[in-house]
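Protein chains in written order, with the numbering used here: chain W, 174 to 501; chain R, 174 to 501.
Virtual Cβ for every residue (Gly too), placed ideally from N, Cα, C.
Small disclaimer: the values here were computed from a predicted structure and weren't measured.
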């Protein structure tokens, strides 16, 4: 299997994508990586490693899309960027997936434009993983679609169900609609209508509230991209906030250095799952291909996880399963 | 000053409201409390305390509105409830404020019906306090109005500004509009329009993101009640989630009991500000009177804080200041 990796994406390229790629081929036997980006940068970085040279290939893409560039302009003007050339290679079946820690908006726009939508899909979506007391769960939509039509919620629920079951290994995933109360009559007129439509899917468990997310009373947390994006970024700020307030408390308590170190260690271990820079990515669901985006600050381990996750998506044939699911 | 206290509201009545009332008169000299609720229950509870009997009075209200009752039905059918009689006493100027840990929806509905709106106010709102690394800040709307018109955001920003400055003691409070990005062109069409309107108030600092809440890059976090309610309940679940995951980490690390106790103690102190059961309430802003609601699980200390906070609102004349502010 060939997976293309954006070697010019994220805050730490080419180092982290290249190191992640090399670590990935070390972990998975049948994997070949196509590093997409400026050839000279990639070659210089590769010199730091020893690896099976047949399993790391390069696709030269001189243009670099910045993390803050306007997605539509970037995709239109930078035809020789890693994102455009990598996705084009995927479209031409030169690779089975494309993964990137780069500009999310540009990657989504280019994925829609180059790969197109899966049969029957109204809107592709970005999902995100959320740590809960029961393990990692899925939030959908994470910011790709700020407003949704009622029927689109249903499709997102179905796509999220496939992903949770096939890739995240959750046996019978349930869908919860994020709302202000549990009763069907709660929320805006739109959410009431959505509730009525979601009743038609077998694994809908009803409305859930903000407090149900960390408690994972459902496995797929469904909301529009406005709410999803705000919640995610709020959640992302929890570890640094805690470190700050707990540090302040410890100072006030005049604790000795050993105790402080122990607490910091406990905190670090406990909050690991919240650290989005270590977590791999999730593919855009509903796109005709496997196009995956990770955190801009992705570590080499995160890039490696992204690559392995993309190969899992290919092997599970999630897109065929999504098409079949949407027909129900 | 007379403050009426709902002695039949919250999860722990009459105990917590009665104890909170007695603690409040111990802290503030010129305060008299009117306990509103079933007389026999209140009298039985009062027997547990010694206090200045002239400063604790009773207004008999036999009907009890349950925490989960439909607000509109409850207010219509239970004319002799503590909420209806307490707010009526306030309307008749028998007391300067009414505070309750009871059914929020019923209290809001009755406040609108009995007290009415302040001059110039489109919609009254519920604000909520949020702990941040800079101290307690204000989120508005916390769930009273799930959808807002653009001009209403502006009024909420103005009312929140008055409350933050006059009651929370924040010198030059700034307003941030919760959105998916900082740039003016981010978000839904509605949010773009709101951004344009908010530019007209001098203390608007622009769009903020989910991560800016705990970092308090603004002092007033502005959003519709749908987002506000979801965010608040998500935030409320942080302490118990952390206790659970940190407890699990400590178990895995096989720590001794002393270290575990120290960590639990540090955690407890650090998360105190997140414990909504200890925090007093905030008045509905935009109502013609001071009607304040607290958490259903309010402790006696929270009820006491609510009473003292209500007296601060009366003394600061916040409603006159809101009326003046809305004219700008």
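Taken in chain order, the unbroken stretches of beta strand (DSSP E) that lie wholly in the stretch 316 to 371 of chain R and span 3 residues or more are 348 to 351. Interface criterion met: the Cβ of residue 407(R) is under 8 Å from a Cβ in chain W.
With its beta carbon at least 8 Å from every one in chain R, residue 240(W) lies outside the interface. A distance of 8 Å or more separates the beta carbons of residue 335(W) and residue 229(W). Interface annotation, residue 281(R): not in contact with chain W, CB-CB separation never under 8 Å. For residue 380(R), the enclosing beta strand (DSSP E) has its first and last residue at 377 to 381.
Around residue 271(R), the same chain offers 177, 259, 260, 263 and 464 as residues with beta carbons nearer than 6 Å, after the five sequence neighbours per side are excluded. Burial check for residue 285(W): the Cβ neighbour count within 10 Å reaches 16 or more, so the residue is buried.
Between residue 346(R) and residue 309(R), the C-beta spacing is not below 8 Å.
At a cut-off of 8 Å between beta-carbon atoms, residue 342(R) makes no contact with chain W. Excluding sequence positions up to five before and after residue 318(R), its CB lies within less than 8 Å of the CB of 296, 298, 325, 397 and 398, all in the same chain and listed in chain order. Around the beta carbon of residue 422(W), 16 or more other beta carbons sit within 10 angstroms, so the residue counts as buried. Between residue 182(R) and residue 273(R), the alpha-carbon positions lie close to 6 Å from each other. Given a length threshold of 4 residues, each whole run of the alpha helix (DSSP H) inside the stretch 226 to 283 of chain W is given here in chain order: 244 to 250, 255 to 264 and 277 to 283. Within chain W, 306 and 387 have C-beta atoms less than 7 Å from the C-beta of residue 414(R), given in sequence order.
Taking CB atoms only, residue 334(W) has no neighbour in chain R less than 8 Å away. Counting the other Cβ atoms within 10 Å of the Cβ of residue 222(R) gives fewer than 16, which makes it exposed. Looking at the backbone, the Cα of residue 300(R) and that of residue 315(R) are separated by about 5 Å. By the Cβ-count criterion, residue 249(R) is exposed, with fewer than 16 other Cβ atoms from all chains shown falling within 10 Å of its own Cβ. In the DSSP assignment, residue 384(R) falls within the unbroken alpha helix (DSSP H) covering 384 to 388. The DSSP assignment places complete beta strand (DSSP E) segments of no fewer than 3 residues inside the stretch 392 to 470 of chain R at 393 to 395 and 464 to 466, in order along the chain. Counting along the chain, residue 311(W) sits inside the beta strand (DSSP E) bounded by residues 308 to 313. Counting the other CB atoms within 10 Å of its CB gives residue 252(R) a total below 16, which places it among the exposed residues. The straight-line gap separating the alpha-carbon atoms of residue 367(R) and residue 359(R) is approximately 11 Å. Exclusion of the five residues before and after residue 482(W) leaves 453 as the residues of its chain whose Cβ lies within less than 6 Å of its Cβ.
Across the set 187(R), 243(R) and 435(R), the C-alpha of 243(R) shows the shortest separation from the C-alpha of residue 277(R). Within chain W, the residues 432 and 435 have their CB atoms less than 8 Å from the CB of residue 432(R), given in chain order.
For residue 431(W) and residue 474(W), the gap between their C-alpha atoms comes out near 29 Å.
The beta-carbon of residue 319(R) is placed less than 8 Å from the nearest beta-carbon of chain W. Excluding residues up to 5 positions away in sequence, 374, 495, 498, 499 and 501 lie with their Cβ nearer than 8 Å to the Cβ of residue 331(W) in the same chain.
Residue pairing for residue 179(R): DSSP places it in a beta bridge opposite 209(R). Residue contact check for residue 303(W) against chain R: no CB pair falls below 8 Å. For residue 374(R), there is no enclosing alpha helix (DSSP H), as DSSP gives it neither H nor E.
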